[in-house]
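Contents: one structure, followed by commentary.
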Amino acid sequence: MEEKKYRLNIDPRILELLGPNLYTNIYYILAELIANAYDADANNVYIISDKDSIIVEDDGIGMSYKKKEVDKFLRVAAISRTNDSDSFSSKYHRAKMGRKGVGKLAALSISENVEIMTVSNGEKSGFILSRHPNENNELTPIPDADIKFRKISSHGTAIVMKNPQYRLHNTLDAIKHNLTKIFPLVSNDFKIHITIGTQNIEISDFDKNIMDDLCSIITLGDRFKDLSNLVPSIYPDKKNELIISRPAKEISATLKDNNGDEHEYTVKIEGWIGTYKTTRGRKLKPSDFPDNFISLFANNKMGEFNILPSVGQNKLAEVYVVGQLHVDIFELSELPDMALSNRQGYKSDDERYILVRDYIRNELLPEVLKQRLTYTDRRKKDKEEQNEKKMLENEKKLKEEVDKFREAAIQTAVKEISKFGNSPTQNNMETAIKNSFNVNAPKLGIKGIVDSQKKKILISQTEPDKPVADILYQMLIYNGIPSEDILYSNCDDEAARIPEGEKIYEYLRKFFVDTYSTQKIYVLFVTSMNTRNSWGAITEVGAAWITQIKHKIFNVHPFRPEHPLDDESEWQITNRDDKGDLSLTRKEADKFCVKIENVCKDLGYKNKTRSENISRLGTLIAVV
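Each residue of the sequence shown is one higher than the last, beginning at 5 in my numbering.
Written out as structure tokens, the structure reads:
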């Protein structure tokens with residue numbers, strides 16, 4: 005059998021200069037490789053993160069060496085779409101995402117040597133794409149016997165980035181949240197899978213998942229109309245103002261084609277834009293990208309993640325804005341390519357871009373911000389009405405309880421005084437009345453009200469240990485403990501922080517000392533080498549000891565908790581490496597969940613099962 009030869013068609017110095025600088029974020033690299041899989045008519049693409057590599061493998065049609073398909077792949081920077089016949093995939097007739105043919109260089113941005121392995125109808129081919137090719141641009145071939153795949157068999161392609169310069173996050177949640185923002189699921193017959201060690205997850209549709217978090221939406225075009233049905237209609241009387249579906253926006257334009265000839269075109273804008281009900285808790289979700297953005301897509305591929313900075317006016321309400329707009333004319337084959345060389349934005353001076361930008365800035369964004377104002381005004385009115393109703397109900401209830409208390413207290417006092425005979429002393433009567441008050445005080449319901457308004461759990465930590473405390477907080481929330489019941493001073497969620505205007509130590513004193521309630525706050529200590537250097541943490545340790553408050557310890561190795569903490573009971577241990585990355589052994593992961601579950605039981609919350617907690621914890625921190 006003739007030995008297969010693989011040769012690049014460009015100067016290797018271009019690879020050396022272009023490769024490492026083409027992309028600035030690993031998720032953009034993954035998006036390019038996923039797009040290639042989509043164009044290859046794949047049904048599944050697998051992202052596998054190993055100790056020494058990142059693999060992107062798909063079950064697309066693959067490439068044949070005999071049919072010169074591999075040779076075509078190696079024509080770097082060759083235009084892949086010149087007319088309509090080149091613009092659609094062969095099997096599913098998908099509108100192709102790729103155009104410049106440089107997406108294959110994406111992997112070289114983080115890896116000097118990338119293994120390319122492909123199989124088409126059982127025919128295998130493989131070579132090492134390198135920033136430093138051999139003489140005559142020859143690439144090192146991979147023998148057929150060494151070509152092995154993780155997930156596919158008869159057809160598909162694998163891109164293996166060896167010793168990558170950048171790594172993926174070590175939790176599935178983080179990878180998922182990043183990827184879904186720049187590559188939302190585009191069709192039911194195309195799925196993205198992520199694997200880290202033994203953990204697997206399938207990416208669900210970002211659009212549909214996020215709809216439940218919105219209070220308003222504007223959809224453009226029929227293919228996005230159904231998304232409006234997924235947005236909760238919180239205020240039915242305002243539904244027509246908050247949930248709007250429209251035809252696609254069409255703007256006429258005179259544009260020059262690739263030959264410089266002018267023609268009339270229609271710039272068609274589809275997609276959706278909306279506003280969040282709240283941003284509370286969103287920052288707790290690990291992500292390299294902000295949650296407020298307006299992304300631009302063409303042929304279902306993201307061309308620019310966030311146009312909001314260039315169309316916004318720095319209004320506070322813009323933090324609630326999110327949207328994805330699709331403008332397929334950006335990738336029309338007969339028109340000039342308007343993508344930047346780094347594939348992370350569009351040329352801002354292109355007429356198509358200017359038309360879309362001005363429409364968003366002058367019409368779409370102001371309208372969605374007006375929707376947000378409608379929502380906040382309606383919510384404020386609703387809250388005021390609820391508060392007034394609650395106040396009237398409490399007033400009525402209090403009157404009834406006071407009447408009951410007065411009658412019971414009188415009867416009890418008379419009974420107690422009678423025990424002292426016909427001539428009770430003043431001291432006797434004071435004692436009898438005091439006892440009467442103590443016995444009947446619960447009838448006023450005061451204790452229940454006080455207990456319900458108290459914070460239940462304090463997460464004691466230092467600022468450098470916030471990543472551990474965040475995991476602890478998320479696990480408490482996952483187990484059904486409301487954020488309002490948790491006191492966590494560094495929390496991204498406002499509901500758990502110390503109220504604005506309150507002095508921290510005076511506020512804490514309410515829970516440790518100044519309380520008429522028998523319910524004491526439960527303290528979860530996050531301890532580490534930083535604890536000894538934090539006056540606040542030391543103060544909380546002392547307060548917990550003096551007041552004999554229940555507590556549990558979540559410790560970061562190599563620190564050893566000491567008295568007055570409960571150092572005689574087993575504490576949980578989290579590992580942190582020199583880079584600050586956190587991890588748990590399987591035993592310590594189990595201990596972590598045990599402590600969370602015991603806290604729930606002690607405070608009367610219904611916790612999740614052990615398997616559910618272990619699974620959830622594995623998405624927040626690496627379990628090795």
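Quick reminder that beta carbons are idealized off the backbone N, C-alpha and C, glycines included.
Keep in mind the model is a prediction, meaning the values are calculated, not measured.
Check, Outcome
"For I453, three-class secondary structure by DSSP", "Here I453 scores only 45 on pLDDT, less than 50, and its place in the model is too uncertain to base an answer on."
"Helix, strand or coil at F297 according to DSSP, with G and I counted as helix", "strand"
"Same chain, Cβ closer than 7 Å to F131, five either side skipped, listed in chain order", "Y10, I120, L143, T144, P145, I146"
"Under the three-state DSSP convention, the category R11 falls into", "strand"
"Cβ contact (3+ pairs, closer than 8 Å) linking the region 217 to 237 and the region 247 to 261", "yes"
"Complete runs of the beta strand (DSSP E) confined to the region 90 to 163 [at least 3 residues]", "117 to 124, 127 to 134, 142 to 145"
"Classification of R98 by the beta-carbon crowding that lies within 10 angstroms, buried from 16 upward", "buried"
"K55 versus N167 - alpha carbon distance", "9 Å"
"Burial state of A149, where buried means 16 or more other Cβ atoms lie within 10 Å", "exposed"
"Where S635 falls, given that 16 or more other Cβ within 10 Å makes a residue buried", "Missing from the structure shown is residue 635; the chain here goes from 5 to 628 and no further."
"Beta-carbon proximity check, V235 vs R356, cutoff 8 Å", "no"
"Reference N140; option with closest CA among T122, N432, R376, L12", "L12"
"CB-CB length for V74 against I14, believed under 8 Å", "16 Å between Cβ atoms; not a contact."
"Buried versus exposed call for K401 [16 or more other C-beta atoms within 10 Å across all chains shown]", "exposed"
"Start-to-end residues for the alpha helix (DSSP H) that takes in V74", "73 to 77"
"Contact between the region 600 to 620 and the region 526 to 541 (3+ Cβ pairs under 8 Å)", "yes"
"Helix, strand or coil at C597 [DSSP, three-state]", "helix"
"Residue of I58, T175, S587, E572 minimising C-alpha distance to M165", "I58"
"Given 8 Å, three or more beta-carbon pairs between the region 320 to 335 and the region 291 to 308", "yes"
"CB of N69 within 8 Å of CB of K155, strictly", "Note that residue 69 is Tyr in the sequence shown here, rather than Asn. No; because the gap between Cβ atoms is not below 8 Å, this pair is not in contact."
"Helix, strand or coil at L234 according to DSSP, with G and I counted as helix", "helix"
"Y526 - partner residues in DSSP beta bridges", "I461"
"Counterpart residues of T175 in DSSP-defined beta bridges", "Paired residue(s): none; T175 is not in a bridge."
"Neighbour-count burial assignment, P471, 16 or more Cβ in a 10 Å radius", "buried"
"H567 versus F558: straight-line alpha-carbon distance, rounded", "15 Å"
"CB of L621 within 8 Å of CB of V628, strictly", "no"
"For N611, the three-state DSSP class (helix, strand or coil)", "coil"
"Start and end residues, alpha helix (DSSP H) containing K470", "470 to 482"
"Whole-angstrom C-beta distance between G64 and G160, which should lie under 8 Å", "6 Å"
"Cutoff 8 Å; reference R574; Cβ partners in own chain excluding five residues on either side", "According to the sequence as given, residue 574 is Glu; it is not Arg. Once the five neighbours on either side are set aside, the close Cβ partners of E574 are K595."
"Beta-carbon gap between I196 and I179 smaller than 8 Å", "no"
"Which of helix, strand or coil DSSP assigns to G275", "strand"
"Where P270 sits in the DSSP three-state scheme", "It should be noted that the sequence gives Thr, not Pro, for residue 270. Three-state DSSP puts T270 in a strand."
"For I60, the first and last residue of its enclosing beta strand (DSSP E)", "Checking the sequence, you will find Val at residue 60 rather than Ile. Counting along the chain, the beta strand (DSSP E) containing V60 begins and ends at 57 to 62."
"Proximity of T199 and I625 at Cβ, strictly below 8 Å", "no"
"Where the beta strand (DSSP E) through A257 begins and ends", "253 to 260"
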